[in-house]
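Okay, so here's the structure we're looking at.
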Amino acid sequence: MLMAICRMEKESREWQEKKLAEWRKTNGPRPPLDVSSPSEPPHANHSLLVCMQRKRRTWDSMPEGLNKPYATTTISHLVEIVAMLGIYWRQFDLNNDQYRAQGNGFVLLGSYKDNMGITFNFQKQGPTWAAQNRLVPHYDVKKLCFGIAPTIFDREKRVYADEPKDTGSLELGSLPEIAQSLVALGCDISTVNY
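The sequence shown begins at 33 in our numbering and counts up by one.
Written out as structure tokens, the structure is:
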């Protein structure tokens with residue numbers, strides 16, 4: 033999965049440089065920027081980073097059917113990485129421990145395994161793209177995937193599921209959560225019960 037992300041990032045940058053070169057050929061070079069203000073480094077506005085940390089494991093206690101290599105992560109980070117790859121969730125059933133996502137030439141299947149928790153199998157199924165249709169995920173992707181809608185009143189970037197909600201982030205995953213969100217916005221009880 034990490035190799036797929038790195039390859040897509042490389043292809044995306046190459047496509048972007050190609051399009052910029054075509055634009056320059058048509059329109060000429062850009063006028064110089066105001067040199068009095070220093071330019072920001074290109075990484076200053078990135079809100080996402082994928083990295084790996086080495087961890088020593090023994091394969092004596094691994095369940096049957098689990099192949100090397102494997103990695104551990106949180107479900108919210110997995111959702112974010114899947115969005116980066118242009119993969120869409122087709123099934124995300126917490127009650128029956130069934131998870132399936134596919135798209136952009138990849139398939140991700142998940143299920144519960146004893147002594148491990150939820151395990152996912154990532155496979156390449158077909159050709160992938162990283163050009164004009166590429167996705168640029170943001171931290172809010174995780175919020176939206178788990179039923180929390182950010183609003184214009186959002187001041188704090190990190191909102192966790194167990195925190196009380198306010199006008200900065202609203203839960204819209206079920207009817208009671210929608211009612212709680214309306215109360216946070218200041219709606220009266222007759223509006224909420226409607």
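Ideal placement from N, C-alpha and C gives every residue a C-beta, glycine not left out.
Next on the checklist: So, under 8 Å CB-CB, residue 40 and residue 117 are touching, yes? Tell me the CB distance rounded to an integer number of Å.
Outcome noted: Walking along the sequence shown from the start, residue 40 turns up at place 8. Walking along the sequence shown from the start, residue 117 turns up at place 85. Confirmed, Cβ separation roughly 7 Å.
Checklist entry - Are there 16 or more other CB atoms within 10 angstroms of the CB of residue 97, so buried, or fewer, so exposed? => result Taking the sequence shown and counting its residues from 1, the one referred to as residue 97 is at position 65. Flag for residue 97 reads exposed.
Checklist entry - Nearest CA to the CA of residue 138: which residue from 152, 147, 45, 49? => result For the purposes of this step, residue 138 is identified with residue 106 of the sequence shown, where counting begins at 1. The shortest C-alpha separation from residue 138 is found at 152.
Checklist entry - In angstroms, rounded to a whole number, what distance separates the CA positions of residue 191 and residue 56? => result Against the sequence shown, residue 191 aligns to sequence position 159. Against the sequence shown, residue 56 aligns to sequence position 24. Because residue 191 carries a pLDDT of 48, less than 50, the predicted location of this residue cannot be relied on, and no value is offered for it.
Checklist entry - For the alpha helix (DSSP H) that residue 213 lies in, which residues bound it at each end? => result For this step, residue 213 is matched to residue 181 along the sequence shown. Here the alpha helix (DSSP H) through residue 213 covers 207-216.
Checklist entry - Residues bridged to residue 143 by DSSP? => result Stepping through the sequence shown from its first residue, residue 143 is reached at position 111. Residue 143 is bridged by DSSP to 130, 151.
Checklist entry - Does DSSP put residue 156 in a helix, in a strand, or in coil? => result The residue given as residue 156 occupies position 124 in the sequence shown. Assignment of residue 156 by DSSP, reduced to helix, strand and coil, places it in the strand class.
Checklist entry - Beta carbon of residue 94, beta carbon of residue 148: below 9 Å? => result What you label residue 94 is simply residue 62 of the sequence shown in a count that begins at 1. What you label residue 148 is simply residue 116 of the sequence shown in a count that begins at 1. Closer than 9 Å, so yes.
Checklist entry - How many whole angstroms separate the CB atoms of residue 136 and residue 160, which I take to be in contact at a CB cut-off of 8 Å? => result The residue labelled residue 136 in the question sits at position 104 within the sequence shown. The residue labelled residue 160 in the question sits at position 128 within the sequence shown. Yes, they are in contact, since the Cβ atoms of residue 136 and residue 160 sit about 5 Å apart, within 8 Å.
Item to check | Close beta carbons around residue 157, own chain, < 8 Å, minus the five adjacent residues each side | outcome: In the sequence shown, counting from the first residue as 1, residue 157 sits at position 125. Exclusion of the five residues before and after residue 157 leaves 134, 137, 138, 139 as the residues of its chain whose Cβ lies within less than 8 Å of its Cβ.
Next on the checklist: Classify residue 218: buried if its beta carbon has 16 or more other beta carbons within 10 angstroms, exposed otherwise.
Outcome noted: Residue 218 sits at position 186 when you count from the first residue of the sequence shown. Result: exposed.
Checklist entry - Which one of 112, 53, 50 has the shortest CA to CA distance from residue 37? => result Position 5 of the sequence shown, counted from the first residue, corresponds to residue 37. Residue 112 is the option with its Cα nearest to residue 37.
Next on the checklist: Could you compute how far the alpha carbon of residue 59 sits from the alpha carbon of residue 119?
Outcome noted: Residue numbering aside, residue 59 sits at position 27 when the sequence shown is read from its first letter. Residue numbering aside, residue 119 sits at position 87 when the sequence shown is read from its first letter. Straight-line Cα distance between these residues: approximately 35 Å.
Item to check | Of the residues 46, 106, 176, the one placed nearest residue 150, counting alpha carbons only | outcome: By one-based count along the sequence shown, residue 150 stands at place 118. Answer by Cα proximity: 106.
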